[in-house]
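Here the protein sequences come in this chain order: A and B.
Residue 19 in the working numbering is what sits at position 19 of the first sequence, and the numbering runs on without skipping anything.
Residue 26 in the working numbering is what sits at position 26 of the second sequence, and the numbering runs on without skipping anything.
The C-beta atom is built at its ideal place from N, Cα and C for all residues, glycine as well.
Nothing here was measured: the structure is a model prediction, and the numbers come from that model.
So the structure is just underneath, and the comments pick up after that.
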Amino acid sequence: MGVLTKPCWAEGSRPAWTRRVLGPNRAGSRGGVLAIGTLGEGCCAAITPAWSSGVNPALDRAGGFEGNAGAEKAGESDARADPIPLKDAIPAGSSFGRRAGSRPVRWGIGILAAALLLAPPAQAQGILAQVKARGHLVCGVSQGVAGFSMPDSQGQWRGLDVEFCRAMAAAIFDDPDKVRFIPLASPARFTAVQSGEVDVLARNTTWTLARDTAAMNFGAVNFYDGQGFLVRKDRNIAEVRQLDRATICLQQGTTTELNLADWFRAHGLTQSVVTFANSEQTLSGYESGRCDALSTDKSSLFGERLKTADPEAHVILDELISKEPFAPALRQGDDQWRDIVTWTHYAMLNAEEAGLTRENVEATRKAPASPNVRRILGLEGRYGQDLGLTNDWAFRIIRHVGNYGEVFSRNVGEGSALKVPRGLNALWTQGGLQYGPPIR
Amino acid sequence: MADSALAPKLRLAVQAGLLLAVAALAYGATTNAADKLARQGIVAGFGFLRRAAGFDISQTLIPYAAATATYGEAILVGLLNTLLVASLGIVLATILGFVVGIARRSPNALARGLAATYVETLRNLPLLLQLLVWYVAVRVVLPPALEPAVFAEGAFLTQRGLFLPRPDFSGTGWLVPAAFLLGIGATLILARLSRRRIEAGRTPLPVLAAGSGLILGLPALAWIGLALAGRVIPIAFPARGPYDIEGGLAVQPEFAALLIGLSTYSAAFIAEIVRAGLDSVARGQEEAAQALGLNRAQRLRLVVVPQAMRVIVPPLTSQYLSLTKNSSLGVLIGYPDLVHVTMGTVLNQTNQAVEAVAITMGIYLALSLVTSVAMNLYNRRVALVER
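Set out below in structure tokens:
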């Protein structure tokens, strides 16, 4: 060991040599007798936090990493490093190394390696510290919902939910690109949050009580939606009631399935459903004539309609049959992280209310007009530090991403192809529901 | 090598050590998972199976109402859908597979060529692709919902399915399906009697004619008898509704596409197994049968195929198992099978991921083991016949 192949202290990755240093050191302290659980836990815990606090003497000896920050860009390196090469991790001269020579011990090591693979990341530490140590945010998004999260022609993720994650990255790292997006299917999304695979799930996900109590928390509602219907224009359907005895295409594993059954039952109507695993198949089912209507969140219907061969031949009914407040989800039990998720959205709302935009925020910061603006921009108080961030956290969000109105318009509103009306998502001052508690 | 007396003991010790290590790994993984679940506040357990499901399923073989049904019942509906498509698929794939496999050894060059083309095309394209093609074909070729193709009184075919009249066998009507089963049973007994006669050197019974007469005639008799007794079996005829053909017996396009896709795909593999089985029977057997004056059909049925079965059955079992498991690909075309309901909807509505996966895996394992045991029993029988 001690061959520092990458003598860098990158924010973005877990350098290979730190693993080599930490692995045996940690193992050695246990005298080479290892239980599966403890190594799995210990190693993972050691990998993530130990170096940043400098408590590990081996690391200090290994050389200064202070000056090398950022030598490796976060975006270029893959945080999910290969499984730890245990053979490399064993110092040649140590007792552990000698034991490793005999066959049973080699088997033991193989099994331990398997156990390492099986063990989820340790969660002893706060998510914010983990994110900072990793150098980027891991954000769960959809596999492609226009306006919310979808890769563009250059492979860049775009959308309202994507920009929410970028805003969080801007607040934490002052760099909106320090996010890794993980596209998740509906059925996989909550497991990804609960298991810690993603730090935050911004995936047009409805906030419900059952989900809130299922080992998850939700941030602030970043989009108020409801379940709507897409129907063929030539059927002359004006309200949902007329869909009695119709066949409706749905995507499975969503609240849509439950709402639809509830609503038709409550109104004494009957319907047939055909459910598909993803939105492409659902749309294809509707378009081919298998169903009379397609039902999903109204915000998505605008995008689905654009995807049909002739968007003019389809209409979206005005009526909504459910409340679908979309909010980012996070793992339960980390209050600091919850605050950051919640207040990232509120910062964007406060910015819009105060008239701060991506364009004017730098100029305004030089000559802030009001105490409110001074507080938002971090010139007064220590609100950012109390969140675990820097005081200019909200300024970073506005400068890199913009205020909520800008993000809305750019992704789903007037400035986009979807042209979703602002409606419930207008600021409370304009008759909507978006209300940011004061930053003070 | 060094000490030959010690070697077996050493080997035993090594094996025991390995076993222990595997057990320790399993134990570690289980406790680790339980610990992590507890730490994340996820309530483990199967209590959710008794909670109300609240979602609809497009094809239900048992009564299922979204309002009152539980998650457990929803999973049962999914399981029955899997069983339906898998069992029908096995029957169709076996018939088609034997026909194609025998055709590959046909003296007719056209039949041989067609069979070879069939096998090489279908077994070399991914099943998923074939399913999507069948599903799209079903929807594109067939007429829209309200412009049905009517090919018989009360039978409609549209892109939303095949709609047929459905007799209602509730009440005294159960006599009709019972008569049908009785007919099958009588035919089986007849076949056995016929075989005994052949073995005793006497002429065989007309099993085919008598059997089809029994299987079709008995239910017909029951039907007519009930009608004469004043208990006419009601028939629900499909009719046009505002959006769709309604009522009657509906064969959904998702089911049809999955059944066709699964059975044609598996039949290609079964055909190869059958061909290998036929080739395994010594040439002299067929020549001897010919010398006895048997025609080609009789040679196949009485001499070649029975001997080929001992080679055919073991790999055939594997095909049945893969067909059952492949039926889960129906998820991609919206067929509500076990995986679709359990892994898609139930898992997502309840967040009980570990339990949902465990249930699905447990059921598939059980299905496969049952199929396997049944086929092994059958294999024992055909293996004995040869000796």
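Which of the three DSSP states is assigned to Q430(A) in this structure? helix
Give me the chain A residues within the contact set of L332(B), using Cβ-Cβ distance strictly less than 8 Å, ordered along the chain. A277, Q281
Where do the ends of the alpha helix (DSSP H) carrying D297(A) lie? Here D297(A) belongs to no alpha helix (DSSP H); instead the beta strand (DSSP E) covers 293–297.
Can you tell me which residues form a DSSP beta bridge with L230(A)? L294(A), I316(A)
Helix, strand or coil for G67(A), going by three-state DSSP, please let me know. Model confidence at G67(A) stands at a pLDDT of 36, short of 50, so the residue's coordinates are unreliable and nothing is read from them.
Could you say if the stretch 217–229 of chain A and the stretch 318–332 of chain A meet the contact criterion of at least three C-beta pairs nearer than 8 Å? yes
Rounded distance between the beta-carbons of L205(B) and L218(B), thought under 8 Å: Not confirmed; about 18 Å, so no contact.
Using a Cβ cut-off of 7 Å, which residues of the stretch 56–71 of chain B contact any Cβ in chain A, in chain order? D56, S58, A66, A67
Q251(A), enclosing beta strand (DSSP E) - first and last residue: 247–251
Are the C-beta of L306(A) and some C-beta of chain B separated by less than 8 Å? no
If you run the structure through DSSP and keep just helix, strand and coil, what is T357(A)? coil
Check whether the Cβ atoms of L332(B) and L131(B) sit closer than 8 Å, and answer yes or no. yes
Using the Cα positions of Y243(B) and E147(B), report the straight-line distance between them to the nearest angstrom. 11 Å
Return helix, strand or coil for E272(B), following the three-state DSSP convention. helix
Give the DSSP bridge partners of L164(B), in chain order. L249(B)
So, at 6 Å on beta carbons, what are the nonlocal neighbours of L80(B) in its own chain, with the 5 sequence-adjacent residues on each side left out? L61
How long is the line joining the alpha carbons of G154(B) and M216(A), rounded to whole angstroms? 53 Å
In the DSSP assignment, what residue or residues form a beta bridge with D225(A)? E324(A)
Since M343(B) meets chain A, which of its residues come closer than 8 Å, beta carbon to beta carbon? P187
Out of Q352(B), A236(B), L216(B), A65(B), state which residue places its alpha-carbon closest to the alpha-carbon of R265(A). A65(B)
R180(A) bridges to which residues according to DSSP? V138(A)
Could you check the C-alpha separation between A103(B) and Q349(B) for me, to the nearest Å? 50 Å
Give me the subset of the stretch 183–217 of chain A whose CB atoms are less than 7 Å from a CB atom of chain B, sorted by chain position. S186, P187, F190, T191, Q194, A214, A215
Buried versus exposed call for T342(B) [16 or more other C-beta atoms within 10 Å across all chains shown]: buried
Measure from the alpha carbon of R365(A) to the alpha carbon of each residue in Y346(A), I398(A), T247(A), then state which is nearest. I398(A)
Using a 10 Å radius around the Cβ and a threshold of 16 neighbouring Cβ atoms, would you call W428(A) buried or exposed? exposed
Cα-Cα separation, Y71(B) to A267(B): 35 Å
Assigned secondary structure, A367(A) (DSSP; H/G/I helix, E/B strand, else coil): coil
Taking 8 Å as the threshold (C-beta atoms), are T345(B) and G285(A) in contact? no
Nearest-angstrom beta carbon gap, N403(A) and A367(A) [assumed within contact, 8 Å]: So it is not a contact: roughly 19 Å between Cβ atoms.
Verify the CB distance criterion: does G32(A) have a CB-CB separation below 8 Å to chain B? Any reading at G32(A) must be qualified, since the residue scores a pLDDT of 34, below 50, and its modelled position is unreliable; no value is offered.
Test: S272(A) CB closer than 8 Å to a CB of chain B: yes
Could you check if F148(A) is buried or exposed, using at least 16 other CB atoms within 10 Å of its CB as the buried criterion? buried
Cβ neighbour criterion (16 or more within 10 Å) applied to G261(B): buried
So for A152(B), helix, strand or coil by DSSP? strand
DSSP state of T217(A), grouped into three classes? Here residue 217(A) is Asn; the residue named in the question, Thr, does not match the sequence. N217(A): strand per DSSP, three-state reduction.
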